[in-house]
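So for the sequence shown, the working numbering puts the first residue at 1; every next one is plus one.
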Amino acid sequence: MANSNHLTLLQENVEQWNCWRQRSDESPDLSGAALSGLDLRRANLSYADLSGVDLQGANLQEANLESAILVGGNLCQTKLQRASLRQAYLSEVMLQGAELSDTDLCEAILSEADLQGADLRRSRLCNAILSLANLTEAALGEANFSDAVLNEARLDQADLTLAILTGANLVRASLCDANLRWANLSYANSSYAIMRGANLNLATLCNAILDGVDAQQAVFSLGDLHDISLAGAHLVDCTLVGADLRGANLQDADLRRTDLAGARLGEANLTRTNLCGSNLDGADMRQAIMTDTLLDATRMTATTLIMHPLLEEV
Numbered sequence: 001m002a003n004s005n006h007l008t009l010l011q012e013n014v015e016q017w018n019c020w021r022q023r024s025d026e027s028p029d030l031s032g033a034a035l036s037g038l039d040l041r042r043a044n045l046s047y048a049d050l051s052g053v054d055l056q057g058a059n060l061q062e063a064n065l066e067s068a069i070l071v072g073g074n075l076c077q078t079k080l081q082r083a084s085l086r087q088a089y090l091s092e093v094m095l096q097g098a099e100l101s102d103t104d105l106c107e108a109i110l111s112e113a114d115l116q117g118a119d120l121r122r123s124r125l126c127n128a129i130l131s132l133a134n135l136t137e138a139a140l141g142e143a144n145f146s147d148a149v150l151n152e153a154r155l156d157q158a159d160l161t162l163a164i165l166t167g168a169n170l171v172r173a174s175l176c177d178a179n180l181r182w183a184n185l186s187y188a189n190s191s192y193a194i195m196r197g198a199n200l201n202l203a204t205l206c207n208a209i210l211d212g213v214d215a216q217q218a219v220f221s222l223g224d225l226h227d228i229s230l231a232g233a234h235l236v237d238c239t240l241v242g243a244d245l246r247g248a249n250l251q252d253a254d255l256r257r258t259d260l261a262g263a264r265l266g267e268a269n270l271t272r273t274n275l276c277g278s279n280l281d282g283a284d285m286r287q288a289i290m291t292d293t294l295l296d297a298t299r300m301t302a303t304t305l306i307m308h309p310l311l312e313e314v
């Protein structure tokens with residue numbers, strides 16, 4: 001239950017509210033308050049208890065919400081551009097259609113938050129926790145998710161163009177038809193993620209872990225995937241034209257009918273990899289490990305094949 005004095009002061013005048021916050025050490029209690037549609041630009045709401053609050057359609061541009069508690073709140077269509085939500089608690093918050101571009105959400109907790117259709121372009125979400133969050137159709141271009149936790153998050157049809165996901169955890173996340181063009185997923189863990197039809201053209205996935213991923217019909221053309229782990233991955237009908245897969249682990253992966261024309265597969269592990277019906281024209285496979293690799297009906301015109309030194313000794 002909100003403190004009535006706190007609520008009245010905030011509703012009357014943001015400048016007076018901010019002056020009071022500077023003088024007082026008291027943490028505001030605005031839990032369950034009805035604040036929808038209010039103009040709260042630049043309001044200092046740091047460390048405030050806003051659990052269960054209704055801020056739908058409110059204007060919180062450039063507001064300070066650092067370490068605020070917003071668990072279970074309604075922030076649908078709320079304007080939060082350039083706001084600071086660093087270390088804020090946003091579990092199970094409704095943020096559908098919210099405007100969060102250029103917002104600081106580093107170390108924020110957004111577990112099970114609903115951000116469907118939200119605009120988070122250029123936002124900073126380093127070390128944020130977004131497990132089970134819904135980011136379907138969200139605008140995430142140039143957002144920074146470095147070391148963020150997105151396990152089992154839903155990012156279907158999200159726009160992640162130029163997004164930074166280095167070191168992020170996306171285990172069992174869903175990225176069907178997502179746009180990851182030019183995105184950086186170096187050292188990210190996307191094991192068992194679903195990435196069917198995703199666009200990863202020119203993306204960087206070096207040293208990433210995608211074991212068991214389902215990326216059928218995804219596009220990785222001209223991507224940097226050197227030293228990636230794709231063990232047991234489902235890559236049927238994928239496009240990997242010109243991709244750099246040097247040192248990649250593709251053991252037990254299914255790459256049937258995949259287009260690998262001009263790909264670089266030097267020293268890749270293709271043990272028991274299924275390449276039946278794939279296109280390897282012009283691919284560089286020097287020193288690749290091809291123990292029990294399946295190559296039925298595979299095109300290999302002008303493919304460079306030099307046996308791995310370990311196999312020459314057998």
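Cβ atoms here follow ideal geometry from the backbone N, Cα and C, with glycine treated the same way.
Output needed for MET1: all residues of its chain with C-beta closer than 7 Å, excluding positions within five of it in sequence on either side, in chain order. Counting from 1 along the sequence shown, the entry for residue 1 is found at position 1. Correct list, in chain order: SER31 and GLY32.
Ordered list of alpha helix (DSSP H) runs contained in the segment 167-223, each at least 4 residues: none
With H, G and I counted as helix, E and B as strand and the rest as coil, what does DSSP make of THR239? Along the sequence shown, one-based indexing puts residue 239 at 239. THR239: strand per DSSP, three-state reduction.
Please classify GLN116 as buried or exposed, where buried requires at least 16 neighbouring CB atoms within 10 angstroms. Reading the sequence shown from its first residue, position 116 is the one you call residue 116. Result: buried.
Extract the residue ranges of the alpha helix (DSSP H) inside the segment 23-49, only unbroken runs of 4 or more that lie entirely within it. none
From GLN96 to LEU75, what distance separates their C-alpha atoms? To locate residue 96, count along the sequence shown from 1; it is residue 96. To locate residue 75, count along the sequence shown from 1; it is residue 75. So the alpha carbons of these two residues sit roughly 8 Å apart.
With a cut-off of 8 Å on the beta carbons, I'd call LEU110 and LEU90 a contact; round off their distance for me. Taking the first residue of the sequence shown as position 1, residue 110 is located at position 110. Taking the first residue of the sequence shown as position 1, residue 90 is located at position 90. Indeed, because the Cβ distance is near 5 Å, the residues count as touching under 8 Å.
Cβ-Cβ separation, ALA268 to ALA248 (assumed contact under 8 Å), whole Å: Mapped onto the sequence shown, residue 248 falls at position 248. Mapped onto the sequence shown, residue 268 falls at position 268. So it is a contact: roughly 5 Å between Cβ atoms.
Please state if the CB of ALA108 and the CB of ARG86 are separated by a distance shorter than 8 Å. Within the sequence shown, numbered from 1, the residue matching residue 86 stands at position 86. Within the sequence shown, numbered from 1, the residue matching residue 108 stands at position 108. Contact flag set, yes.
By Cβ distance below 7 Å, which residues in the same chain neighbour GLU139 in space, the five residues on each side in sequence not counted? Position 139 of the sequence shown, counting from 1, holds the residue named residue 139. Reading the sequence as shown, one finds Ala at residue 139 and not Glu. Cβ neighbours of ALA139 beyond the five flanking positions: ASP119, LEU120, ARG121 and ASP159.
Outcome for CYS19 when other beta-carbon atoms lying within 10 angstroms are tallied against a minimum of 16: Along the sequence shown, one-based indexing puts residue 19 at 19. Counting Cβ neighbours within 10 Å, CYS19 comes out exposed, since fewer than 16 surround it.
Where ARG299 sits in the DSSP three-state scheme: What you label residue 299 is simply residue 299 of the sequence shown in a count that begins at 1. In this structure, DSSP gives ARG299 an extended state, which the three-state scheme calls strand.
Distance, Cα to Cα, ASP296 vs SER278? Here residue 296 refers to the residue found at position 296 of the sequence shown. Here residue 278 refers to the residue found at position 278 of the sequence shown. The straight-line gap from Cα to Cα measures roughly 9 Å.
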